[in-house]
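Step one of this worksheet: look at the structure below.
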Amino acid sequence: MSTFDWVTQLLYVAAATCFVLGLHLMNSPATARRGNQVSTAGMALAIATTLALVIHAGTVTATGWIVMITGALIGAGAGLYAARTVEMTAMPQLVSLFNAVGGGAAALVAINDYVKLASSGVAESVTITTILDVLIGAVTFSGSIIAAGKLQGFINSAPITFPGSRVANTAAALVAVGGGIYMIVTPSVPVLIVIILAALAFGVTMVIPIGGADMPVVISLLNAFTGTAVAMAGFVIGNWALIIAGALVGASGSILTKLMADAMNRSLANIMIGGFGTGDTGPAVEGPGGDVRSIQADDAAIQLAYAQKVIIVPGYGLAAAQAQHQVADLAALLEERGAEVSYAIHPVAGRMPGHMNVLLAEANVPYPQLKEMDEINPEFARTDVALVIGANDVTNPAARRPGTAISGMPILDVDQAKSIIVIKRSMGHGYAGIDNELYVNPKTSMFFADAKSALTELTSAVKTLVG
Amino acid sequence: MTAPLLTDITIFVLALLVGFEVISKVPATLHTPLMSAANSIHGIVLAGAMIIAVTANNALGYILAFVAAAFAAMNVVGGYVVTGRMLKMFRRVRAPVAAGNPPAAVSGNGQAPGQGAGGRP
Numbered sequence: 076m077s078t079f080d081w082v083t084q085l086l087y088v089a090a091a092t093c094f095v096l097g098l099h100l101m102n103s104p105a106t107a108r109r110g111n112q113v114s115t116a117g118m119a120l121a122i123a124t125t126l127a128l129v130i131h132a133g134t135v136t137a138t139g140w141i142v143m144i145t146g147a148l149i150g151a152g153a154g155l156y157a158a159r160t161v162e163m164t165a166m167p168q169l170v171s172l173f174n175a176v177g178g179g180a181a182a183l184v185a186i187n188d189y190v191k192l193a194s195s196g197v198a199e200s201v202t203i204t205t206i207l208d209v210l211i212g213a214v215t216f217s218g219s220i221i222a223a224g225k226l227q228g229f230i231n232s233a234p235i236t237f238p239g240s241r242v243a244n245t246a247a248a249l250v251a252v253g254g255g256i257y258m259i260v261t262p263s264v265p266v267l268i269v270i271i272l273a274a275l276a277f278g279v280t281m282v283i284p285i286g287g288a289d290m291p292v293v294i295s296l297l298n299a300f301t302g303t304a305v306a307m308a309g310f311v312i313g314n315w316a317l318i319i320a321g322a323l324v325g326a327s328g329s330i331l332t333k334l335m336a337d338a339m340n341r342s343l344a345n346i347m348i349g350g351f352g353t354g355d356t357g358p359a360v361e362g363p364g365g366d367v368r369s370i371q372a373d374d375a376a377i378q379l380a381y382a383q384k385v386i387i388v389p390g391y392g393l394a395a396a397q398a399q400h401q402v403a404d405l406a407a408l409l410e411e412r413g414a415e416v417s418y419a420i421h422p423v424a425g426r427m428p429g430h431m432n433v434l435l436a437e438a439n440v441p442y443p444q445l446k447e448m449d450e451i452n453p454e455f456a457r458t459d460v461a462l463v464i465g466a467n468d469v470t471n472p473a474a475r476r477p478g479t480a481i482s483g484m485p486i487l488d489v490d491q492a493k494s495i496i497v498i499k500r501s502m503g504h505g506y507a508g509i510d511n512e513l514y515v516n517p518k519t520s521m522f523f524a525d526a527k528s529a530l531t532e533l534t535s536a537v538k539t540l541v542g
Numbered sequence: 378m379t380a381p382l383l384t385d386i387t388i389f390v391l392a393l394l395v396g397f398e399v400i401s402k403v404p405a406t407l408h409t410p411l412m413s414a415a416n417s418i419h420g421i422v423l424a425g426a427m428i429i430a431v432t433a434n435n436a437l438g439y440i441l442a443f444v445a446a447a448f449a450a451m452n453v454v455g456g457y458v459v460t461g462r463m464l465k466m467f468r469r470v471r472a473p474v475a476a477g478n479p480p481a482a483v484s485g486n487g488q489a490p491g492q493g494a495g496g497r498p
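Just so you know, the protein sequences line up as chains A and B, in that order. Here our numbering is used: the first residue of the first sequence is 76, the next is one more, and so on. Here our numbering is used: the first residue of the second sequence is 378, the next is one more, and so on.
Quick look at the structure:
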């Protein structure tokens, strides 16, 4: 190894160290920003090192430079624009989009390498990592674009199944894997193209049947895929920085996938097969019937104004109604009155892991008020008012009994609060498609209204009351 | 199986284990920024995209280099910027501005108290 090789390898190790440290610093909101800065520094170092490597190689043609630099500038500009302008509610789409381009780029790295080597013979180990990279990268690319489209509303976010969709999905998988095995025996560029197309088709047919509320799992899974694809690209070109960074992302995505699936008490296979209501776990068991009590803003305001301890339970409905700022205003008012206010956040409250926390942080809610499920559940029993806004299935006590579509799903123990106010537009069902037994609880009052206007009304009612 | 491949596999497995260890300590509150940060880290694929250019000498090579560089640069730049933007919003105490302001103004004003609380939780 020349001195130059030594130095570049050591710089890559330094960059990888920065990535690990950066992720480590994310263990607390107080240090997370520094973590991101450390990680950014590591990335700048890795890119600068690669630039030195490329210059040192001395074989890049003038066209090569122009192509590389314009490509990078255009990409960087697009990324910068998207990152600066994206609404926090649209974060899942953006993350999906970045998964797509990351996975796509990783696949292209391997494709390029393979096309170069194909004429002179390819070692088996290179073929295997190339196939893995191309397969995972292409699936991530098309799957993430579909996921982003569903989240953005370009594609119907409901589970879409069409006759033969399962068959198409299986066929695509078989073609991709079969092609891969063929390539190990006989290197072939045309077969590689077939594999790419099959993998792209597989990505589409994999994500299309998955419903909107399962998106936290899908995005996490695709994130893990992207990481793995990048690591495989590292294997192909023999670059440790890519291997380490890819493995870190793979680990992160896998952990989040498991956490999200656990939070819905569903296996990954069950989620990938399709949304609720497509299986036989329909509402077989009827919950205990009962009357629904409806209240107006004034009555709800009285309860809130004299409560010592209030827990707000936000769900995706809150974000969909863009009412984060209104809920933060109401919470601030109650706090000024001396009440203790916190937020109970279910792991799958948004459209990606931790989404609701970001939405509330944006609305100026201090992070110590954002409580995780395990932390907040024991507190409901000594809570005066639990205010449920746009959350449904995650508050349904039916999950504690066997025989319902959500049985066994960890829920927020909202029904243990002394009184419960639910802001909801109608008695409509949540994603699981079953009645919420919380709504017929004698302690529950239903405030039927749009989240945004309801919260504005509540805030002004509390103000008049105590003014 | 070759010696370099074995080394690569060793590095991959160890990095995976380090990743599990470090990431399992991230609180649920930060899961979105975590995923976004992970997203920016896989932007390292830009290094791979740049290396394509080393051997590119025909139309196909140039197209691949161009698309890969554009994709990867979008990934890395966008990822870090948006992660930073999100983390800036996490404050220990309420920022001294009225809630309901446009996000840009809120995060701008919130910068000072955010850093003040940056020492210890």
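Yeah, the Cβ is synthetic: ideal placement off N, Cα and C, and Gly gets one too. Quick caveat, the model's predicted, so the values are computed rather than measured.
**Request:** Taking the CB atoms as reference points, tell me whether residue 492 of chain A and residue 396 of chain A lie closer together than 7 Å.
**Result:** No; because the gap between Cβ atoms is not below 7 Å, this pair is not in contact.
**Asked** Using a beta-carbon distance cut-off of less than 9 Å, what residues from the segment 452 to 474 of chain B approach chain A?
**Response** Of all residues in the segment 452 to 474 of chain B, 452, 453, 454, 455, 456, 457, 458, 459, 460, 461, 462, 463, 464, 465, 466, 467, 468, 469, 470, 471, 472, 474 have a Cβ within less than 9 Å of some Cβ in chain A.
**Request:** Please confirm if the segment 405 to 419 of chain B is in contact with the segment 111 to 120 of chain A, defined as three or more CB-CB distances below 8 Å between the two stretches.
**Result:** Flag = yes, the segment 405 to 419 of chain B and the segment 111 to 120 of chain A touch.
**Item:** Nearest neighbour of residue 459 of chain B, chosen from A/108, A/333, A/100 [CA to CA]
**Value:** Per the Cα distances, A/108.
**Request:** Pick helix, strand or coil for residue 479 of chain A, following the three-state DSSP scheme.
**Result:** Three-state DSSP puts residue 479 of chain A in coil, outside helix and strand.
**residue 409 of chain B, buried or exposed, once every other Cβ within 10 Å from all chains shown has been counted against 16** = That one is buried.
**Message:** Can you pull the chain B neighbours of residue 79 of chain A, defined as C-beta to C-beta under 9 Å?
**Reply:** Per Cβ cutoff of 9 Å: no residues; residue 79 of chain A is ~14 Å from chain B at best.
**Request:** Find out if the Cβ-Cβ distance for the pair residue 213 of chain A, residue 422 of chain B is shorter than 7 Å.
**Result:** No, the Cβ-Cβ distance between residue 213 of chain A and residue 422 of chain B is not below 7 Å.
**For residue 512 of chain A, three-class secondary structure by DSSP** = Helix at residue 512 of chain A.
**Message:** Taking a contact to mean a Cβ-Cβ separation below 7 Å, would you say residue 296 of chain A touches residue 261 of chain A in this structure?
**Reply:** Result no, Cβ atoms of residue 296 of chain A and residue 261 of chain A do not sit closer than 7 Å.
**Request:** Assign residue 292 of chain A to one of three DSSP states: helix, strand, or coil.
**Result:** Three-state result, residue 292 of chain A: helix.
**Message:** Can you list, in chain order, the residues of its chain with a C-beta nearer than 6 Å to that of residue 317 of chain A? Leave out the 5 residues immediately preceding and following it.
**Reply:** Within the same chain, and ignoring the five residues on either side of residue 317 of chain A in sequence, the residues whose Cβ sits closer than 6 Å to its Cβ are 305, 308, 309.
**Asked** For residue 495 of chain A, which of helix, strand or coil comes out of DSSP?
**Response** DSSP, reduced to helix, strand and coil, places residue 495 of chain A within a strand of the structure shown.
**Prompt:** Counting only beta-carbon atoms, is residue 441 of chain B nearer than 7 Å to chain A?
**Reply:** Taking Cβ atoms only, chain A reaches closer than 7 Å to residue 441 of chain B, which makes this a yes.
**Asked** If residue 483 of chain A and residue 474 of chain A are in contact, beta carbons under 8 Å, what's the gap, nearest whole angstrom?
**Response** Contact between residue 483 of chain A and residue 474 of chain A holds, with the beta-carbon distance rounding to 7 Å and staying under 8 Å.
**Asked** Between residue 435 of chain A and residue 378 of chain A, is the Cβ-Cβ spacing less than 7 Å?
**Response** Between residue 435 of chain A and residue 378 of chain A, the C-beta gap is not smaller than 7 Å, which leaves the two residues out of contact.
**Message:** I'd like the list of long-range same chain contacts for residue 315 of chain A, defined as Cβ closer than 8 Å, with 5 residues on each side in sequence excluded.
**Reply:** Correct list, in chain order: 84, 87, 88, 91, 309.
**Request:** Can you grab the Cα-Cα spacing for the pair residue 384 of chain B / residue 455 of chain A, in whole Å?
**Result:** Each residue's alpha carbon lies about 52 Å from the other.
**Message:** On the CB-based measure, 16 or more other CB atoms within 10 Å of its CB, does residue 321 of chain A come out buried or exposed?
**Reply:** Taking all protein chains in view, the Cβ of residue 321 of chain A is crowded by 16 or more other Cβ atoms within 10 Å, so the residue is classified as buried.
**Message:** Looking at the secondary structure, which residues open and close the beta strand (DSSP E) in which residue 418 of chain A lies?
**Reply:** Its beta strand (DSSP E) spans residues 415 to 420.
**Item:** Check whether residue 205 of chain A and residue 223 of chain A have beta carbons under 7 Å apart
**Value:** Not in contact: residue 205 of chain A and residue 223 of chain A (Cβ atoms no closer than 7 Å).
**Prompt:** Using the rule of at least 16 other Cβ atoms within 10 Å of the residue's Cβ for burial, across every protein chain shown, is residue 467 of chain B buried or exposed?
**Reply:** Around the beta carbon of residue 467 of chain B, 16 or more other beta carbons sit within 10 angstroms, so the residue counts as buried.
**Item:** Contacting residues, own chain, Cβ-Cβ under 6 Å from residue 446 of chain B (five flanking each side not counted)
**Value:** Excluding sequence positions up to five before and after residue 446 of chain B, its CB lies within less than 6 Å of the CB of 426, all in the same chain and listed in chain order.
**Message:** Between which residues of its own chain and residue 325 of chain A is the CB-CB distance below 7 Å, once the five residues before and five after are set aside?
**Reply:** The beta carbon of residue 325 of chain A lies closer than 7 Å to those of 299, 302, 303, 306 in the same chain, with the five residues before and after it left out.
**Asked** So which of A/137, A/431, A/129, A/174 has the shortest CA-CA distance to residue 451 of chain B?
**Response** Cα-wise, what sits closest to residue 451 of chain B is A/174.
**Request:** Go ahead and label residue 430 of chain A buried or exposed: buried means 16 or more other beta carbons lie within 10 angstroms of its beta carbon, across all protein chains shown.
**Result:** So residue 430 of chain A counts as buried.
**Request:** Identify whether residue 164 of chain A lies in helix, strand or coil by the three-state DSSP scheme.
**Result:** Helix at residue 164 of chain A.
**Asked** Does the segment 128 to 135 of chain A come within contact of the segment 146 to 162 of chain A, defined as at least 3 CB pairs closer than 8 Å?
**Response** In short, these stretches do not touch, since the Cβ pair count stays below three.
**Message:** Is there a C-beta anywhere in chain A that falls below 7 Å from the one on residue 409 of chain B?
**Reply:** Yes, because at least one Cβ of chain A sits closer than 7 Å to the Cβ of residue 409 of chain B.
**Asked** Can you check whether the CB of residue 168 of chain A is closer than 7 Å to the CB of residue 112 of chain A?
**Response** No, they are not a contact pair.
**Length of the line joining the Cα atoms of residue 142 of chain A and residue 161 of chain A** = Going by the C-alpha atoms only, they are around 28 Å apart.
**Asked** Buried or exposed: which applies to residue 538 of chain A, given that a residue is buried once 16 or more other Cβ atoms fall within 10 Å of its Cβ?
**Response** Exposed.
**Request:** Please check the pair residue 515 of chain A and residue 367 of chain A, which I expect to be a contact at CB under 8 Å, by giving their CB distance rounded to whole angstroms.
**Result:** Yes, residue 515 of chain A and residue 367 of chain A are in contact; Cβ-Cβ is about 6 Å, under 8 Å.
**Prompt:** What three-state label does DSSP hand residue 88 of chain A in the structure shown?
**Reply:** Of the three classes helix, strand and coil, the one that applies to residue 88 of chain A here is helix, per DSSP.
**Item:** N-terminal and C-terminal residue of the alpha helix (DSSP H) that residue 413 of chain B is part of
**Value:** For residue 413 of chain B, the enclosing alpha helix (DSSP H) starts and ends at 408 to 418.
**Asked** Can you check whether the CB of residue 414 of chain A is closer than 7 Å to the CB of residue 382 of chain A?
**Response** Taking the C-beta atoms as reference points, residue 414 of chain A is found nearer than 7 Å to residue 382 of chain A.
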